[in-house]
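Student: Here it is, the structure in full.
Number of protein chains: 4
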Amino acid sequence: MKTTEAAVQKAYETVRKSAPSGEVATYIPELARINPDLLAISVIDLQGNQCSYGDAETQFTLQSVSKAFSLALVLQENAAAVFDTVGFEPTGNPFFSMLPMESEHGKPRNPFVNSGAIAVSSMIPGGNAKSSYANFLGFLEQICEEKPVMDVDTHRSESETGYRNRAMANFLKQYGWIEDVDTAVETYFMQCSTLTNVRQLARMGLFLANRGIDPLTQKRIVDEESCRAIVTLMTTCGTYDYAGRVAIEIGLPCKSGVSGGILAIVPGKMSIAAFAPRLGTHGNSEAGMELLKLISEELSLSLFQ
Amino acid sequence: MKTTEAAVQKAYETVRKSAPSGEVATYIPELARINPDLLAISVIDLQGNQCSYGDAETQFTLQSVSKAFSLALVLQENAAAVFDTVGFEPTGNPFFSMLPMESEHGKPRNPFVNSGAIAVSSMIPGGNAKSSYANFLGFLEQICEEKPVMDVDTHRSESETGYRNRAMANFLKQYGWIEDVDTAVETYFMQCSTLTNVRQLARMGLFLANRGIDPLTQKRIVDEESCRAIVTLMTTCGTYDYAGRVAIEIGLPCKSGVSGGILAIVPGKMSIAAFAPRLGTHGNSEAGMELLKLISEELSLSLFQ
Amino acid sequence: MKTTEAAVQKAYETVRKSAPSGEVATYIPELARINPDLLAISVIDLQGNQCSYGDAETQFTLQSVSKAFSLALVLQENAAAVFDTVGFEPTGNPFFSMLPMESEHGKPRNPFVNSGAIAVSSMIPGGNAKSSYANFLGFLEQICEEKPVMDVDTHRSESETGYRNRAMANFLKQYGWIEDVDTAVETYFMQCSTLTNVRQLARMGLFLANRGIDPLTQKRIVDEESCRAIVTLMTTCGTYDYAGRVAIEIGLPCKSGVSGGILAIVPGKMSIAAFAPRLGTHGNSEAGMELLKLISEELSLSLFQ
Amino acid sequence: MKTTEAAVQKAYETVRKSAPSGEVATYIPELARINPDLLAISVIDLQGNQCSYGDAETQFTLQSVSKAFSLALVLQENAAAVFDTVGFEPTGNPFFSMLPMESEHGKPRNPFVNSGAIAVSSMIPGGNAKSSYANFLGFLEQICEEKPVMDVDTHRSESETGYRNRAMANFLKQYGWIEDVDTAVETYFMQCSTLTNVRQLARMGLFLANRGIDPLTQKRIVDEESCRAIVTLMTTCGTYDYAGRVAIEIGLPCKSGVSGGILAIVPGKMSIAAFAPRLGTHGNSEAGMELLKLISEELSLSLFQ
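So the protein lines, in turn, are chains G, X, C and E. Counting along the first sequence from 1, when you hit position 36 you're at 217 in our numbering, and nothing is skipped either side. Counting along the second sequence from 1, when you hit position 24 you're at 205 in our numbering, and nothing is skipped either side. Counting along the third sequence from 1, when you hit position 33 you're at 214 in our numbering, and nothing is skipped either side. Counting along the fourth sequence from 1, when you hit position 6 you're at 187 in our numbering, and nothing is skipped either side.
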C-alpha cells in the first residue's frame, strides 16, 4: 500500500497545483451551487487499506455513478432479464442522445446511457419509486457498511427539470421496455440524488474489484459473471463518448457522473474514487480524470499492457 | 505452457464437435470459395512456446485483421499524425457504415472502421500503392520472421468490387483526410489480401502482448504508448458492433476479419490466432469466437476480472 | 357543379367496386373497432354546392387532419410566433419520427409532424387543456357552422396509450418550445379525438380554398398569407413521407389522418373530404387517396400542370 | 404580357437597388471567379413573348438546374425505369447529404439530390460520357432552338475536385443503381458545366409550363405525366432543404443551381429564369429568389392560393 499511497499523494498534489479547467454542470440548478474547486481522491485495496486526499469527506451526489450500482442490484436479482432489456454495445454518442433508440425499437444500447439506466432503475424491486429507492439504499448500505441518504434539493431539482429523461421513459414505455413511466424516472432521479463522498464511494466499489465478493465482509454481492459484465461495461461505456480515450489514457473501468465523481476499478487490486466538480466537454470530471491518469501511469494499472 | 496447451486442445475439440453455424462471407467472390468447415487455433506465449490445432497451416487472407498491423506500422512512423486523422471512439455501428462520417467532417471514428483503416493505409510510407504495400509486407516480415505474400485473386476480386471502400476513400479525400484516393484504396485492398495462417498470425501479434517489443527478437516494434493504444482499440472497436459482447464474453483485445481470422492478445502473456470461415451476423468468425471464449474462460484470461 | 358531381360519383363507384386494400390503424385500440369497409366522399365548391357519396354522415375522428385546423387557429392568433417554433420544411421521415429533432435543438421540422402539431396545440389560447380545446371546438364551429364534439372513448384511448407523443412533448419542453407538457398533449389528444364526417369536413376546409375567407359566410378566418402557408404545407408535408408521391399523383394539398379521413383543397375552386379506414403503409387512407386521384385526373385539378 | 413585363421590370429594379447579400459558391474554384453582382431575369410566356432585364446574355453554367433537363430526357426515353431507381420524396437534408442513402440500400431519395441526379445522368443514352453528353446537348438544342456548349474550365474544375460526387457514384454502384461510375460522374460533371443565359434558360423551360409540349414548335418533348412529375419535384425538392420556404414564399416549381441560376415554371402561363451569383445558406441565389418572390406576389402566381 505504501507505493500506492505515495503515487496517490503525488497525483493529488500535482493536480491540486495545476490550473483548474472545465465547467461545473448547470443543467440541474442544484449542481451549479457547488464550490467548483473541490478536489478529492480515495483508494482502497482488497485488504481494506485505504488512503484519501483532499476533500474526502465532502459530499456530492452520485448522479450517473449510481448506474453501476443499480445495475449490480438488478443483475443480482435477475441477470437474465436485464440484458433482454438493455444491450451492451457502446454507442459512440453522448449520454443524452435518443438517436439510437428508434431504429432499434427503443431498446437502450447499454445500461449506462440514460435510457438504459432508467430501464435498469425500473427493474429494481419495490413496485413504486419509494420502495425501489429504499431497496437501492439498502443495497448501498450492504456494500459500504454505511447508510447513505438522498439530497432532497437535488432530487427536487432533477425531478422538476428532467424533461429529457421523462421523454426517454415515455419512449421506453411506448416500446414496452418499462412498466411505469413515473416509477422508473422517480427511482432514477432519487438514486442519482444519493449523497456520498470519495472515501465511501471507493469502499462501495470494492466488490467490483474482487469478482463480486466484498473482500472485507466476504459477502458475495453479485456472481462472477455479472461482476465481469459491470466492469467490462464501465470500460466500454462508462464515460460516454469519451470511453475510447479513457481506455487508452487510463486503461481502467470507470463510471463518471455529472456532479464530478468517478469510480474506477482495478480488478484484483483496488477501487478508486475521485471527485472534482469541473467537467470537460464530454461530461466527465476534468481533474478527476487527470488524477486517475497519473495514478494509472505511476502504478502501471492499465489493463491493456 | 502445459495448462495452456491442454485448455487450447480441449477448446479445439469441443468446437470441432459442435454443429457449425454462420455463413462464409460472399461480398468478395473470392472469399466464397473457401471450405466453410476449416478450423484452426494457435497460441504462442512470450517465451516462444507455441501450440496449434486443426488447419494451422491453411492459408487465409488477413482482411480486417491487417488493420491492427497497418496501424502499428504508421504509429511507429508518426504516432502524432495518426490520431489527428482517425479518432479512437467506438461507433456502435457496423464496419461498413458511412453514417458517422458526415457529421464529423468525414473524420473516421477510429482506425478499425473501414474509413479509418483506409486513412491509416494512406499513411503507410511509399508514395504509391506498390511501394506502400512493400513496406507493409516488410513490417509483417519483421514481426513474424517469415515472408507473407499477397493472394492475387483475392486482391483482384476486392479491387473490382470494392465500390463502398472507394466511396469512403473519395469521401475522405473530399474532406482532406487522405492525399490520393487510388493509392489509399489500392494499398488497403492489397494489405487485406495478404495471406497468413494461424501459426504465423499468432506470431505476428506477439509484440502486442509484450508492450511493443517482440519478446523473441527483443526488437522494439512500437513504443509502449502506441502498443497500449492498439490493444485498447482492439478491445473497444476490434470486432465491430459486436465489441461490447466480445468484451463481456471473452474479455480480450481481438481483431477479426471477414475471411474468418481473429487475432487476440493477452497482455503480458500470449498471442492467440483463430480461424474458421463461417461468420456470425456481425461479421466475426463464429467458431473462432467460440474457441476464444472457451480458452479465456478455462484459463481465466479476461482483463475484466 | 354538374361535371364535378359526375366525376365524384364515377370515382366513388369505381373505388366502391375495387377490392379493398390496406389495414385499419390499431395503435389506438379505439380505432381498431371501426368497420374497415366504410367509404365516403364529399365535395363542396365556393358557391356552397355540395355533393356526397357513400357513408357521408358516418362519424370518424379527425386525428391528424385536425393539425390543419389547429394551425389555422394559432396562425390567426399570432402568425409570427408560430413559425418561430415550428419550421416549414418537409422531413422525408415518417410522422412518428423523433430523429430530426435533436440535431435541431428539438425544433419541430414542420407543424404537421407530431412534435410540431403538439407545439401548435400548446399555442391554442386557453391556459389549460379544457379551455384550449373549447377554443379549438369554437374555431371548428366557426368554419363549419355546426358544433362538433369529442369522442370520449377515443380520447381516453389516446391519452392512455400516447407514450410517444408524451415523449415528444417532454422533449419539446426540455428545449423550451412548449410551456407545459400536460396541457400540450391533452389539448392535442382532444383535438385528434374530435368527431366529424366527410360532409362536415369538406365544409370545414372551404376557407382554405378561398384565400382564408369562408365564401359562404364571407367571414375572414385567416389572412391570405397564413392561408397560403397552410395550403403549401398540406402539399409538401400533409401526407407524411408519402407527400412526394401524393403531389405527383394527385397534385393537391392534402391532410390525412390515421382514422382514414383526408381533406384536400383545390385553391380557388373547392374543398374535398374523403374517408375510408384502411390505411396504406405510409399511414394514409388507401381508398381515400384513390378517390382523390381519380377525381383530380378526371377534373384535371393538379396544381402542377 | 404588358402587366407581366411591368411586374418583372419593377422587381428587377427593386432588387437591383437593394444591398447584395450572400456569397458566391467557391467549392469549385471556377465558380469563385464570377462577378458577384451580376443580376438578370427573363420571362417568356406560352405565346413566345419574352422580356429580359439586366445581364440577360451573360453566360453561367447550368449546374443543378441541369437536373431538370436530364430528368426530362431520361423520362422521355424510359419513364418506367427512372422511378425504379430514384424516388420522389423530399429529404429535408442538404443537397450534398449522403445520409439517407444507406438505410434505403443506397436508393436516391429523389432525382434532384446529387446522388439521384448522378443516377439520372447514368441513364442518358450514349454508353459513354462523351456520347451521353452529346445526347444531353442535343436535347437542350431541341428545347431552346440554340446550341449550348460546355465550359471547359468549369468542367475540368468539377472533375478534379468532385470527390463527394465520386463517393456517391461509387456508393450507387455498390448497390447496383448505376452501371459505370466514371460514365455517370463524367456525364454529370459535363451537364453541370453547360453554359446558358437567362434568356435561353427561360426558353428551355417553356415545355414544362405547357404540359410537355414546346408551345412555339408544337413538338411534344415529354408526355403529360412526366411533365407533371418534373414540375411537382421542382416544387417539393427543387431548392434543397429550402424547398418548404420557397413553396410558401414563391409558390412556384423552381430548380436552382450553385452558379446562381434558377428556373421557375408557372404551369399554363410562363417560364422564368433568374441569375445572380451570390447564394444564401441553403445554396440558392439570394437575389434570384427575391426576384421570383416579388414577381410571384405582384402577379399572384403562387400555385397555393
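Don't be surprised by glycine CBs; every beta carbon is placed ideally from N, CA and C. Nothing here was measured: the structure is a model prediction, and the numbers come from that model.
#1: Since G425 of chain E is in the alpha helix (DSSP H), which residue starts that stretch and which ends it?
#2: Can you confirm whether R290 of chain E, when its beta carbon is compared against all beta carbons of chain X, has any partner nearer than 7 Å?
#3: Should H286 of chain G be labelled buried (16 or more other beta-carbon atoms within 10 Å of its own) or exposed?
#4: If you scan the segment 302-387 of chain C from start to end, which runs of the alpha helix (DSSP H) of 4 or more residues do you find wholly inside it?
#5: Could you list which residues in chain X have their beta carbon closer than 8 Å to that of Q355 of chain E, in chain order?
#6: What are the boundary residues of the beta strand (DSSP E) that F269 of chain C is part of?
#7: On the three-state DSSP scale, how would you describe S440 of chain E?
#8: Any beta-carbon of chain E closer than 7 Å to the one on N230 of chain X?
#9: Which of helix, strand or coil does DSSP assign to A300 of chain G?
#10: Taking 8 Å as the cut-off, does the segment 314-334 of chain G touch the segment 459-473 of chain G (at least 3 CB pairs, one atom from each stretch)?
#11: The beta strand (DSSP E) with G235 of chain E in it runs from where to where?
#12: Taking the C-alpha atoms as reference points, what is the distance between Q240 of chain G and S247 of chain G?
#13: What does the Cβ neighbour count give for E326 of chain C, buried or exposed, with the cut at 16 atoms within 10 Å?
#14: Check each candidate in C:A206, C:S483, C:Y234, C:A260 and name the one with the smallest Cα separation from K242 of chain C.
#15: Cβ closer than 7 Å: which chain X residues qualify as neighbours of K241 of chain E?
#16: Which residues, in order along the segment 261-272 of chain G, keep a beta-carbon less than 8 Å from a beta-carbon of chain X?
#17: Kindly list, in the order they appear in chain X, the residues whose Cβ is closer than 8 Å to that of R426 of chain G.
#18: Determine the DSSP secondary structure at V263 of chain C, reduced to helix, strand or coil.
#19: In this structure, does DSSP put F241 of chain E in helix, strand or coil?
#20: My assumption, with CB atoms under 8 Å, is that I431 of chain E sits in contact with K474 of chain E. Please give the rounded CB distance.
#21: If we count the other Cβ atoms within 10 Å of its Cβ and call it buried at 16 or more, is F276 of chain X buried or exposed?
#22: How close, in whole Å, do the beta carbons of A365 of chain X and S303 of chain X come, if the pair is a contact with beta carbons under 8 Å?
#23: When you compare only the Cα positions, how much space is there between H463 of chain C and S440 of chain E?
#24: Just to confirm the assignment, what range does the alpha helix (DSSP H) spanning A187 of chain G have?
#25: In chain C, which residues lie with their C-beta within 7 Å of the C-beta of A410 of chain E?
#26: Please name the residues in the segment 353-387 of chain C whose beta-carbon is closer than 8 Å to at least one beta-carbon of chain E, in chain order.
#27: Can you give the beta carbon distance from D236 of chain X to L219 of chain X, rounded, assuming they're within the 8 Å contact cut?
#28: Please classify S483 of chain G: does DSSP put it in a helix, a strand, or coil?
#29: Using C-beta distances below 6 Å, list every residue in its chain close to Q257 of chain X, excluding the 5 sequence neighbours before and after it, in chain order.
#30: Around the C-beta of R345 of chain G, are 16 or more other C-beta atoms found within 10 angstroms, so that it is buried, or is it exposed?
#31: Go ahead and label G469 of chain X buried or exposed: buried means 16 or more other beta carbons lie within 10 angstroms of its beta carbon, across all protein chains shown.
#32: Counting only beta-carbon separations shorter than 7 Å, does N351 of chain E have a partner in chain X?
#33: Give the straight-line distance between the Cα atoms of P289 of chain X and E360 of chain X, rounded to the nearest whole angstrom.
#34: Going by Cα to Cα distance, which pick from E:V362, E:S313, E:A310, E:F320 is closest to S296 of chain E?
#35: Any idea if N216 of chain E is buried or exposed, counting beta-carbon neighbours within 10 angstroms, 16 or more meaning buried?
Tutor: Let's see:
#1: As a position in the fourth sequence, residue 425 of chain E is number 244, starting the count at 1. 424-430 is the span of the alpha helix (DSSP H), which, as asked, contains G425 of chain E.
#2: Here residue 290 of chain E refers to the residue found at position 109 when the fourth sequence is read from its first residue. Taking Cβ atoms only, chain X never reaches closer than 7 Å to R290 of chain E, which makes this a no.
#3: Translated into positions along the first sequence, residue 286 of chain G becomes position 105. Exposed is the call here.
#4: The qualifying runs are 310-325, 333-342, 344-355, 362-373, 379-385.
#5: Numbered from 1 along the fourth sequence, position 174 holds the residue referred to as residue 355 of chain E. Within chain X, the C-beta atoms nearer than 8 Å to that of Q355 of chain E come from Y344, R345, A348, in chain order.
#6: Your numbering for residue 269 of chain C matches position 88 in the third sequence. Per DSSP, F269 of chain C lies in no beta strand (DSSP E) and is assigned neither H nor E.
#7: Within the fourth sequence, numbered from 1, the residue matching residue 440 of chain E stands at position 259. DSSP, reduced to helix, strand and coil, places S440 of chain E outside both helices and strands of the structure shown, so it counts as coil.
#8: As a first step, residue 230 of chain X is located in the second sequence; it is residue number 49 there, counting from the start. So, not an interface residue.
#9: Locating residue 300 of chain G in the first sequence gives position 119, where the first residue counts as 1. Note: A300 of chain G maps to helix in three-state DSSP.
#10: With the cut-off at 8 Å, the segment 459-473 of chain G and the segment 314-334 of chain G do not touch.
#11: Stepping through the fourth sequence from its first residue, residue 235 of chain E is reached at position 54. Residues 231-235.
#12: Locating residue 240 of chain G in the first sequence gives position 59, counting from the first residue. Locating residue 247 of chain G in the first sequence gives position 66, counting from the first residue. Taking the straight line from one Cα to the other gives about 14 Å.
#13: The residue you call residue 326 of chain C lines up with position 145 of the third sequence. The residue in question, E326 of chain C, is exposed, as its Cβ has fewer than 16 Cβ neighbours within 10 Å.
#14: As a working mapping, residue 242 of chain C is identified with position 61 in the third sequence. For clarity, residue 242 of chain C is Thr in the given sequence; the question names Lys instead. For the options C:A206, C:S483, C:Y234, C:A260, the alpha carbon positioned closest to that of T242 of chain C is the one of C:A206.
#15: Start at 1 with the first residue of the fourth sequence, and residue 241 of chain E comes out as number 60. In the sequence as presented, Lys is not what sits at residue 241 of chain E; that position holds Phe. What F241 of chain E touches in chain X: nothing, since even the nearest Cβ is about 24 Å away.
#16: Cβ contacts with chain X: G268, F269, E270, P271, T272.
#17: As a working note, residue 426 of chain G is residue 245 in the first sequence. By Cβ distance, chain X contributes F269, E270.
#18: As a working note, residue 263 of chain C is residue 82 in the third sequence. Three-state DSSP puts V263 of chain C in a helix.
#19: What you label residue 241 of chain E is simply residue 60 of the fourth sequence in a count that begins at 1. DSSP places F241 of chain E in the strand class (E or B) of the three-state scheme.
#20: As a working note, residue 431 of chain E is residue 250 in the fourth sequence. As a working note, residue 474 of chain E is residue 293 in the fourth sequence. About 5 Å separates the beta carbons of I431 of chain E and K474 of chain E, which is inside the 8 Å limit, making them a contact pair.
#21: Reading the second sequence from its first residue, position 95 is the one you call residue 276 of chain X. Confidence in F276 of chain X is poor, its pLDDT being 47 and thus under 50, which makes the residue's placement unreliable; the coordinate value appears in the next sentence. By the neighbour-count rule (16 or more Cβ atoms within 10 Å), F276 of chain X is buried.
#22: Looking up residue 365 of chain X in the second sequence gives position 184. Looking up residue 303 of chain X in the second sequence gives position 122. That pair is a contact at about 4 Å.
#23: For this step, residue 463 of chain C is matched to residue 282 along the third sequence. For this step, residue 440 of chain E is matched to residue 259 along the fourth sequence. Cα-Cα distance, rounded: 37 Å.
#24: Counting from 1 along the first sequence, the entry for residue 187 of chain G is found at position 6. Run containing A187 of chain G: 183-198, per the alpha helix (DSSP H) assignment.
#25: Position 229 of the fourth sequence, counted from the first residue, corresponds to residue 410 of chain E. Simply I429.
#26: Listed by position, the residues of the segment 353-387 of chain C near chain E (Cβ gap below 8 Å) amount to none.
#27: If you number the second sequence from 1, residue 236 of chain X lands on position 55. If you number the second sequence from 1, residue 219 of chain X lands on position 38. Contact holds; Cβ gap of about 5 Å.
#28: Your numbering for residue 483 of chain G matches position 302 in the first sequence. DSSP, reduced to helix, strand and coil, places S483 of chain G outside both helices and strands of the structure shown, so it counts as coil.
#29: Against the second sequence, residue 257 of chain X aligns to sequence position 76. Beyond the five residues adjoining it in sequence on each side, Q257 of chain X comes within less than 6 Å, by CB distance, of V403 in the same chain, given in chain order.
#30: Mapped onto the first sequence, residue 345 of chain G falls at position 164. Its Cβ being crowded by 16 or more others within 10 Å, R345 of chain G is buried.
#31: What you label residue 469 of chain X is simply residue 288 of the second sequence in a count that begins at 1. Looking at its Cβ environment, which holds 16 or more other Cβ atoms inside 10 Å, G469 of chain X is buried.
#32: As a working mapping, residue 351 of chain E is identified with position 170 in the fourth sequence. Residue contact with chain X for N351 of chain E: present (Cβ-Cβ distance below 7 Å to some residue of chain X).
#33: On the second sequence, residue 289 of chain X is found 108 positions in, with the first residue counted as 1. On the second sequence, residue 360 of chain X is found 179 positions in, with the first residue counted as 1. Between the alpha carbons of P289 of chain X and E360 of chain X lies a distance of about 15 Å.
#34: To locate residue 296 of chain E, count along the fourth sequence from 1; it is residue 115. Among E:V362, E:S313, E:A310, E:F320, the Cα nearest to that of S296 of chain E belongs to E:V362.
#35: Working through the fourth sequence from its first residue, we reach residue 216 of chain E at position 35. It counts as exposed.
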